[in-house]
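Working notes, structure below.
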Amino acid sequence: MKILVIEDEADLREIVKASLLKEEYTVETAADYGSALEKVAVYDYDCILLDIMLPGGNGLQILDQLKNEGKSDNVIIISAKDSLDDKLKGLELGADDYLTKPFHIAELNARIKAVLRRKQREGKHTLEMGNIVLDLNERCLFIAQEPVPLNRKEFDMLNYFLLNKNRLVSKSALAEHVWGDNTDQADNLDFIYSQIKNLRKKFLASHADVDFEAVYGIGYKLVEK
């Protein structure tokens, strides 16, 4: 699960990020209106924590854009402004929840899990292609109805490819989605090739109907054989 934390207070942003990483979420952050707007325009997130007062703009403007794109139902507003008007406006724009600062991290985690549970119930629980089925609830893969073990990164990577099947996925977009902000610390993207290689071995051993098609210098496509 991938979460975006939009928060300008550096200490709070890092505390929330550290807590979410312990829960084994993929976490990205944005400290101002401009960077937040750029990220929500390019990437999809399972949950967004959104501060209202941001340098350069208002979080409700970001929420308005998300609503226009049908993505506002996974947003939790976190704000020091304990204003009924702001709360009602946020909920009218489709925000899923509203949490006023200061708050306990345990409460935030509980709110996030509730949002994710609701989102999963409303959506599909599996992704399928050929003879492979990825169970999103149990985080497991079945090939020809037989279970195939995956580590966390392999699961997240395959999940992303199945959401974009038959589409070219660039290495940078894939790294950003699966590894989040920590991608910037990597000297190169060779680790992606390593994960692709591991998945290919599992596909081959289990006679999967799908495979990765490499597009030299750009990325990969998940295609049926």
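Here the UniProt record's numbering is used: the first residue of the sequence shown is 1, the next is one more, and so on.
Here a beta-carbon is modelled for each residue, glycine too, at the ideal position from N, C-alpha and C.
Endpoints, alpha helix (DSSP H) assigned at residue i
i	result
L158	R152 to L163
A18	A10 to K22
Y33	Y33 to V42
K2	From DSSP, K2 is part of no alpha helix (DSSP H) but of the beta strand (DSSP E) over K2 to I6.
For residue i, three-class secondary structure by DSSP
i	result
I48	strand
D211	strand
G59	helix
A114	helix
L127	strand
L134	strand
L189	coil
L88	helix
L108	helix
L54	strand
Neighbourhood of residue i by C-beta distance below 8 Å, restricted to the same chain and skipping five residues each side
i	result
I3	L20, Y25, T26, V27, E28, Y45, D46, C47, I48, L49 and I112
E146	S206
R13	V5, E7, T29 and A31
Neighbourhood of residue i by C-beta, 6 Å cutoff - its chain only, sequence neighbours within 5 removed
i	result
K171	L189, I192 and G219
A31	D8
A10	none
Unbroken beta strand (DSSP E) run spanning residue i, endpoints
i	result
K221	G219 to E224
S206	Counting along the chain, S206 falls outside any beta strand (DSSP E), and DSSP gives it neither H nor E.
E69	It is not in any beta strand (DSSP E) - E69 carries neither H nor E in the DSSP assignment.
Y98	D97 to T100
F142	C140 to I143
P147	E146 to V148
A80	Segment: none, A80 is in no beta strand (DSSP E) and carries neither H nor E.
Residues of its chain near residue i, where Cβ-Cβ distance is below 7 Å and the 5 sequence neighbours each way are ignored
i	result
A186	Caution is warranted here: a pLDDT of 47 is assigned to A186, below 50, making its placement in the model unreliable, and no coordinate value can be reported.
L93	L60, L63, D64, K67 and S72
D51	I6, E7, D8, G59, I78 and S79
G90	L60, L63, I77 and Y98
G34	G56
E213	Y220, K221 and V223
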